[in-house]
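Enquirer: Residue numbers (our numbering): 3 to 119. No residue lacks a Cβ here, since even glycine has one placed at the ideal position from N, Cα and C. All values derive from a computational prediction rather than experimental measurement. Handing you this structure, nothing more for now.
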């Protein structure tokens, strides 16, 4: 049985006896509490994940997204990162582009800090 909305739950509720209503309520409260426990705020500091040896630009992007979990991967950030990856395709140096990408994420982090302080 698929419950689609509150009306479905209300119909079921009215068909239950008192003991089963109590059980349903306890289960709903359990689910509510369980949901609260799993909601963990992202850290407010970068994780300082070190780059692996011979890291390329795509690997750096993945590392930096993990390193800054508090930053939303919004359109401007992803657009700027994709421009750096495109520069690699056009022959850019991984080392130079990774430094630019690290700066991009650091700037985004500083903007996030200002917004959240």
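What is the DSSP secondary structure of residue 21, reduced to helix, strand or coil?
Expert: helix
Enquirer: Roughly how many whole angstroms lie between the Cα atoms of residue 50 and residue 31?
Expert: The C-alpha of residue 31 is placed about 38 Å away from the C-alpha of residue 50.
Enquirer: Is the beta carbon of residue 106 sitting closer than 8 Å to the one on residue 83?
Expert: yes
Enquirer: At 4 residues or longer, and completely inside the stretch 51 to 115: list those alpha helix (DSSP H) runs for me, N to C.
Expert: 59 to 69 and 77 to 91
Enquirer: Quick one: residues in its chain with C-beta nearer than 8 Å to the C-beta of residue 44, no 5 flanking neighbours on either side, listed in chain order?
Expert: 71 and 72
Enquirer: Residue 100 and residue 57: beta carbons closer than 8 Å?
Expert: Their beta carbons are under 8 Å apart, which means residue 100 touches residue 57 by this criterion.
Enquirer: Looking at the structure shown, is residue 43 part of a helix, part of a strand, or coil, going by DSSP?
Expert: coil
Enquirer: Anyone know if the C-beta pair for residue 79 and residue 104 falls short of 8 Å?
Expert: In this structure, residue 104 does not lie closer than 8 Å to residue 79 by Cβ.
Enquirer: Given residue 59, which residues of its chain have a CB within under 7 Å of its CB, disregarding the five upstream and five downstream residues?
Expert: 86, 87, 90, 96, 99, 100 and 103
Enquirer: Are the beta-carbon atoms belonging to residue 26 and residue 18 less than 8 Å from one another?
Expert: With a cutoff of 8 Å on beta-carbon distance, residue 26 and residue 18 are scored as near each other.
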